[in-house]
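Residue numbers (our numbering), protein chains in the order written: chain R, 1390 to 1680; chain U, 6 to 418. Since the structure comes first, as structure tokens, the remarks are kept for the end.
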Amino acid sequence: MEASTELFINAIVAGLLLGGFYAAVSVGISISFGMLDVVNIAHPAFIILGSYIAYTANARFGFDPIVTSVVLSPLFFALGLLLYRIYYLCFEKRGQESLRGLAFFFGVLFITEVTLVLVFGVDYVQARTPYTDVTERFAGIDFPLRLVVPFFVSLAMVIGLQFFLTHTFFGRAVLAVAQDQLALRLMGVDPVRVKGLAFALSIATAGVAGALLIVILPVQPSIGREYIGLVFAVCVLGGMGSIWGTLVGALVLGTAESFTATFFGPSWAPAVSFGLLLATLAFRPSGLFGR
Amino acid sequence: MKFRNMLAAALGALAFSTSAVAQQPLKIGFGMSLTGALAGNGKAALIAMEQWRDDVNAKGGLLGRKIEFVYYDDQTSPASVPALYTKLMDVDKVDLVVSGYGTAVIAPAIPIMMQRNMCFMTLFGLNPNGKFNYDKYFQIMPAGPDPSVGWSKGYFDAAMKMNPKPKTVAIVGADAEYPHGAMAGARAHAKEHGLKVVYDKTYPPNTVDYAPIVRAIQATNPDLVYVGSYPPDTAGMIRAANEVGLKTRMFGGGMVGLQYASLRTQLGPLLNGVVNYEMYAPEVSKKFPFLEKIIGKYQERAVKEGVDPLGYYLPPYAYAMMEVLGQAVTATKGTDQAKLAEYIHKTTFDTVVGKVAFAKNGEWASSRVLMVQFGGIKGNSLDEWKGPGRITVLEPAEYKTGTVRAPFQDNRK
Chain R
1390 MEASTELFIN AIVAGLLLGG FYAAVSVGIS ISFGMLDVVN IAHPAFIILG SYIAYTANAR
1450 FGFDPIVTSV VLSPLFFALG LLLYRIYYLC FEKRGQESLR GLAFFFGVLF ITEVTLVLVF
1510 GVDYVQARTP YTDVTERFAG IDFPLRLVVP FFVSLAMVIG LQFFLTHTFF GRAVLAVAQD
1570 QLALRLMGVD PVRVKGLAFA LSIATAGVAG ALLIVILPVQ PSIGREYIGL VFAVCVLGGM
1630 GSIWGTLVGA LVLGTAESFT ATFFGPSWAP AVSFGLLLAT LAFRPSGLFG R
Chain U
6 MKFRNMLAAA LGALAFSTSA VAQQPLKIGF GMSLTGALAG NGKAALIAME QWRDDVNAKG
66 GLLGRKIEFV YYDDQTSPAS VPALYTKLMD VDKVDLVVSG YGTAVIAPAI PIMMQRNMCF
126 MTLFGLNPNG KFNYDKYFQI MPAGPDPSVG WSKGYFDAAM KMNPKPKTVA IVGADAEYPH
186 GAMAGARAHA KEHGLKVVYD KTYPPNTVDY APIVRAIQAT NPDLVYVGSY PPDTAGMIRA
246 ANEVGLKTRM FGGGMVGLQY ASLRTQLGPL LNGVVNYEMY APEVSKKFPF LEKIIGKYQE
306 RAVKEGVDPL GYYLPPYAYA MMEVLGQAVT ATKGTDQAKL AEYIHKTTFD TVVGKVAFAK
366 NGEWASSRVL MVQFGGIKGN SLDEWKGPGR ITVLEPAEYK TGTVRAPFQD NRK
């Protein structure tokens, strides 16, 4: 294969792998922000919490971080239920969710970060797995397993979520909450309960995304802040509340970033990604898959 | 009689107030990265500074006054620095100020110091005073009077001793203060040695995957790859070089993070062949006997607090920064900022990092940055790094223990 063709295909593959990871960190925001209208700015902090829990299990007992995160996802689900309950009682029920709710989640973000600093210290940590430093190569195309494994896990999580939301009663109720809460209430369903469960689901995805992150990169307690802009950009690009949109938006941004880094210079990558977002919103204000 | 009583009362009050002043603590203020990207180093530096404070206070303090630190977390955010130092001086009324760790948080503090005419001791900034030329600025980092150039001198000196001589270089680094300075130095060396720069680009600090960058570099087929990076991107670049199978003769140079235990143990054998700057190597420990004065105590506390358990990189220099300030306060018998600056300019200080003298611009008068190559690393244990055997010192000549093993990829077989 010619060098330039190889470079081109490698850029696409690297972009898709990166996009897969972006989808995992964004899909929770797509549920909470896109479907439930809860601006959970603390979502990245829960991702980092997931990273540290997976790291602890990996460093102390040698458990695979991703398997750990899946096993412990009910804990994150329960944490999400609790958090939403507090948010609902203190803000949403009183109609004060817009500004005070935002401040609440900022507070949760900082408290989570400080707790992580106190418990784990401030040094960078990374999980060690048998596949972390392995790269498979086919016809000149690199497949680093530290990105390939998270890509497939992310894909499974996103497809699973989409299936769950469209093929189960609860999933349809979540979609209904996003569209018309009153209609849902008239059908005899409690929208607050549905929102609580859906929010908990979004936090459970953060736990898994955290494990993917610590397989890919070293992590420190406040690193999550660096991804706040990105996760919201993916959601908006894909279309608020659309799970497929989140996946496609993440793959588009990942590929754009990889392409720009390879052929034009990596410092242009954010400009190209956000330029793409602006252009999409100019022609489709509701995002790629938004209604 | 009445007059004598009044005089006695006045003298008594004066004596009381004088002793009260003498007992007031000497406040030293600073911002330090206790959270954020550089918190690992910030906390390590703080431990060493507190060690100095405790050592001095155990001997009665400075000028008979106990040392008290007033510090805030700058969150590794340059934007928070000006307000933080203004508060230290206006609200907390500190007597002296020093910097936090790193170029990114030193640079925004310098204009504040210039406005207030404060003597400013700083810790590990790569030429932040280059554009300000503030005469009361001093730096604790052994990069010499032209730090940007001194920082990468060893890398290019070692490279130009290879046979055949390299002809091309790729320069890459993060979009941040320190990497910009390191890359500027690398460009100056490339020009001096007649090297053709075939790649010269920066990347955003929150990049996740560095493989596309390394592939773009590989496409230019450079003889040398110089990297100026912070810890997360250092790990990313090294992993990407491994994944892409980077073929070059020398790789590394200005990567922050490889000096301390967490990244060394995370990356393990991936470090084989990487050439990078260092402040210390066990292989030349006999040339750094002074470090032992503080390192034992530091390591004891560092393990408990979850920061760099080795501590050879930053903590001794943080301790030395405080030693210089303390010695200047003692010698000038006060905290007059002009006198302190004048004294620091003209004096050679005895510190835990050896003798320290400052050039006119406040940087170290001479360079002592080691350029080393990693090799023979078999696993990810911390024990690999506790003794000699993993590091070859390439430059400067007086510390040299070997020559470059090139090409880079052959070190990884």
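Note that beta-carbon positions come from the ideal geometry of N, C-alpha and C, so glycine has one too. None of these values were measured; they are calculated from a predicted model.
- request: Output the boundary residues of the beta strand (DSSP E) element that contains Ser267/U.
  value: On the second sequence, residue 267/U is found 262 positions in, with the first residue counted as 1. Ser267/U -> not in any beta strand (DSSP E); alpha helix (DSSP H) instead, spanning Ala266 to Leu272.
- request: Anything in chain U within Cβ reach of Asp1531/R, meaning under 9 Å, just list it in chain order.
  value: Looking up residue 1531/R in the first sequence gives position 142. For a Cβ distance threshold of 9 Å, residue set Ala216, Arg220, Glu248, Val249 and Gly250 of chain U lies close to Asp1531/R, ordered along the chain.
- request: Counting only runs of 3+ residues fully inside the segment 311 to 390 of chain U, write out the beta strand (DSSP E) ranges in chain order.
  value: 354 to 356, 359 to 361 and 375 to 379
- request: Could you check how far apart the C-beta atoms of Ala1639/R and Tyr1411/R are, in whole angstroms? I think they sit under 8 Å.
  value: In the first sequence, counting from the first residue as 1, residue 1639/R sits at position 250. In the first sequence, counting from the first residue as 1, residue 1411/R sits at position 22. Rounded, the Cβ-Cβ distance is 4 Å, consistent with contact.
query: Looking at the unbroken beta strand (DSSP E) that takes in Glu1481/R, where does it start and where does it end?
result: What you label residue 1481/R is simply residue 92 of the first sequence in a count that begins at 1. No beta strand (DSSP E) contains Glu1481/R, which DSSP labels as neither H nor E.
task: Measuring alpha carbon to alpha carbon, tell me which of Thr173/U, Ile243/U, Asp388/U and Arg244/U ends up nearest Leu315/U.
output: As a working note, residue 315/U is residue 310 in the second sequence. Of the listed residues, the one whose Cα sits closest to Leu315/U is Asp388/U.
- prompt: If we ignore side chains and look at the alpha-carbon of each, how far apart do Phe1422/R and Tyr1441/R end up?
  reply: Reading the first sequence from its first residue, position 33 is the one you call residue 1422/R. Reading the first sequence from its first residue, position 52 is the one you call residue 1441/R. When rounded, the distance between both Cα atoms is 24 Å.
field: Residue burial classification, Ala1668/R (beta-carbon count within 10 angstroms, cutoff 16)
entry: As a first step, residue 1668/R is located in the first sequence; it is residue number 279 there, counting from the start. By the 10 Å Cβ count, Ala1668/R comes out exposed.
- prompt: Gly128/U bridges to which residues according to DSSP?
  reply: Counted from its first residue, the second sequence places residue 128/U at position 123. One detail in the question is off: residue 128/U reads as Leu in this sequence, not Gly. DSSP, once it has assigned bridges, lists Tyr106/U and Ile145/U as partnering Leu128/U.
- request: Check Phe21/U in the structure and name its three-state DSSP category.
  value: To locate residue 21/U, count along the second sequence from 1; it is residue 16. Confidence at Phe21/U is low in this model, with a pLDDT of 47, below 50, so its placement is unreliable and no value can be given for it.
message: I want to see whether chain U comes within less than 8 Å of Asp1522/R, judged by CB atoms only; does it?
response: As a working note, residue 1522/R is residue 133 in the first sequence. Interface residue, yes.
task: May I ask you to list the residues that DSSP assigns as paired with Asn281/U?
output: To locate residue 281/U, count along the second sequence from 1; it is residue 276. Partner(s): Gly258/U and Val377/U.
- request: Pull up the CB-CB distance for Tyr317/U and Ile300/U, whole angstroms please, since I reckon it's below 8 Å.
  value: As a first step, residue 317/U is located in the second sequence; it is residue number 312 there, counting from the start. As a first step, residue 300/U is located in the second sequence; it is residue number 295 there, counting from the start. With a Cβ gap of about 7 Å, Tyr317/U and Ile300/U count as contacting.
message: Does Glu1481/R pass the burial test, meaning 16 or more other C-beta atoms within 10 Å, or should it be called exposed?
response: Working through the first sequence from its first residue, we reach residue 1481/R at position 92. With 16 or more other Cβ atoms within 10 Å, it is buried.
query: Under a Cβ-count criterion, where at least 16 other Cβ atoms within 10 Å of its own Cβ denotes burial, should Gln1515/R be classed as buried or exposed?
result: The residue given as residue 1515/R occupies position 126 in the first sequence. It counts as buried.
- prompt: When the cut-off is 8 Å and only beta carbons count, does Gly1664/R lie next to chain U?
  reply: To locate residue 1664/R, count along the first sequence from 1; it is residue 275. Chain U contact via Cβ: absent.
- prompt: What do you reckon, are the CB atoms on Gly1651/R and Arg220/U nearer than 8 Å?
  reply: Residue mapping note: residue 1651/R aligns to position 262 of the first sequence, counting from 1. Residue mapping note: residue 220/U aligns to position 215 of the second sequence, counting from 1. Here residue 1651/R is Thr; the residue named in the question, Gly, does not match the sequence. In contact: Thr1651/R and Arg220/U (Cβ atoms closer than 8 Å).
message: Any beta carbon of chain U sitting closer than 8 Å to that of Val1514/R?
response: Sequence index remark: in the first sequence, residue 1514/R carries index 125 (1-based). So yes, Val1514/R belongs to the interface.
message: Residues in the same chain with beta-carbon distance under 7 Å from Phe1494/R, minus the five sequence neighbours each way, listed in chain order, please.
response: Position 105 of the first sequence, counting from 1, holds the residue named residue 1494/R. Excluding sequence neighbours, Phe1494/R sits near Val1428, Asn1429, Ile1430 and Ala1431.
- request: Can you tell me which of the three DSSP states Val1427/R falls into?
  value: Reading the first sequence from its first residue, position 38 is the one you call residue 1427/R. Of the three classes helix, strand and coil, the one that applies to Val1427/R here is coil, per DSSP.
- request: Taking the CB atoms as reference points, tell me whether Pro169/U and Pro287/U lie closer together than 8 Å.
  value: As a working mapping, residue 169/U is identified with position 164 in the second sequence. As a working mapping, residue 287/U is identified with position 282 in the second sequence. It is not a contact, given that the beta carbons lie outside the stated cut-off.
- request: Indicate the three-state DSSP secondary structure (helix, strand or coil) for Val213/U in the structure shown.
  value: Taking the first residue of the second sequence as position 1, residue 213/U is located at position 208. Three-state result, Val213/U: coil.
Candidates Lys365/U, Arg373/U and Gly258/U: closest to Tyr142/U by CA position: Residue 142/U sits at position 137 when you count from the first residue of the second sequence. The option with the nearest alpha carbon to Tyr142/U is Lys365/U.
For Gly381/U, the nearest candidate out of Lys344/U, Tyr265/U, Arg417/U and Met167/U (CA to CA): For the purposes of this step, residue 381/U is identified with residue 376 of the second sequence, where counting begins at 1. Of the listed residues, the one whose Cα sits closest to Gly381/U is Arg417/U.
message: Please report the straight-line C-alpha distance between Thr422/U and Lys291/U, rounded to a whole angstrom.
response: Given that chain U is displayed from residue 6 to residue 418, the structure contains no residue 422/U and the question cannot be resolved.
task: Could you name the residues that DSSP lists as bridge partners for Ala175/U?
output: Counting from 1 along the second sequence, the entry for residue 175/U is found at position 170. For Ala175/U, which the question treats as bridged, DSSP gives the partners Tyr204/U and Val230/U.
- request: Counting only the same chain and skipping the five closest in sequence on each side, list residues whose C-beta sits under 7 Å from that of Gly1613/R.
  value: Residue numbering aside, residue 1613/R sits at position 224 when the first sequence is read from its first letter. The answer, listed in chain order, is Pro1433, Ala1434, Ile1436 and Ile1437.
query: By DSSP, does Phe413/U sit in helix, in strand, or in coil?
result: Here residue 413/U refers to the residue found at position 408 of the second sequence. Here Phe413/U sits in helix by DSSP.
Inter-residue Cα distance where the pair is Leu399/U and Val409/U: In the second sequence, the residue the question calls residue 399/U occupies position 394. In the second sequence, the residue the question calls residue 409/U occupies position 404. Distance between the alpha carbons of Leu399/U and Val409/U: 7 Å.
- prompt: Going by other Cβ atoms of all chains shown within 10 Å of its Cβ, with 16 needed for buried, is Thr23/U buried or exposed?
  reply: Sequence index remark: in the second sequence, residue 23/U carries index 18 (1-based). Low confidence applies here, because Thr23/U scores a pLDDT of 49, under 50, leaving its location unreliable; read the following figure in that light. Answer is exposed; the Cβ neighbour count stays below 16.
task: Quick one: which residues of the segment 1490 to 1516 of chain R get their C-beta closer than 8 Å to a C-beta of chain U? List them in chain order.
output: Glu1502, Val1503, Val1506, Phe1509, Gly1510, Val1511, Asp1512, Tyr1513, Val1514 and Gln1515
message: Within the continuous alpha helix (DSSP H) that includes Glu1502/R, where are the two ends?
response: As a position in the first sequence, residue 1502/R is number 113, starting the count at 1. Taken as a continuous stretch (DSSP letters only), the alpha helix (DSSP H) holding Glu1502/R covers Leu1488 to Phe1509.
- prompt: Would you say Glu389/U reaches chain R, if we count a Cβ-Cβ gap shorter than 8 Å as a contact?
  reply: Taking the second sequence and counting its residues from 1, the one referred to as residue 389/U is at position 384. It does not; no Cβ of chain R falls within 8 Å.
task: Write down the C-beta distance between Leu1642/R and Val1623/R rounded to the nearest angstrom, noting that I regard them as a contact closer than 8 Å.
output: By 1-based counting over the first sequence, the position of residue 1642/R is 253. By 1-based counting over the first sequence, the position of residue 1623/R is 234. That pair is a contact at about 6 Å.
query: Counting Cβ pairs, one atom from each stretch, are 3 or more of them under 8 Å apart for the segment 193 to 205 of chain U and the segment 131 to 149 of chain U?
result: Taking one beta carbon from each stretch, the segment 193 to 205 of chain U and the segment 131 to 149 of chain U have fewer than 3 pairs nearer than 8 Å; the two do not touch.
- prompt: Taking the alpha-carbon positions, what's the Tyr322/U to Val1583/R distance?
  reply: Taking the second sequence and counting its residues from 1, the one referred to as residue 322/U is at position 317. Taking the first sequence and counting its residues from 1, the one referred to as residue 1583/R is at position 194. Taking the straight line joining both Cα atoms gives about 57 Å.
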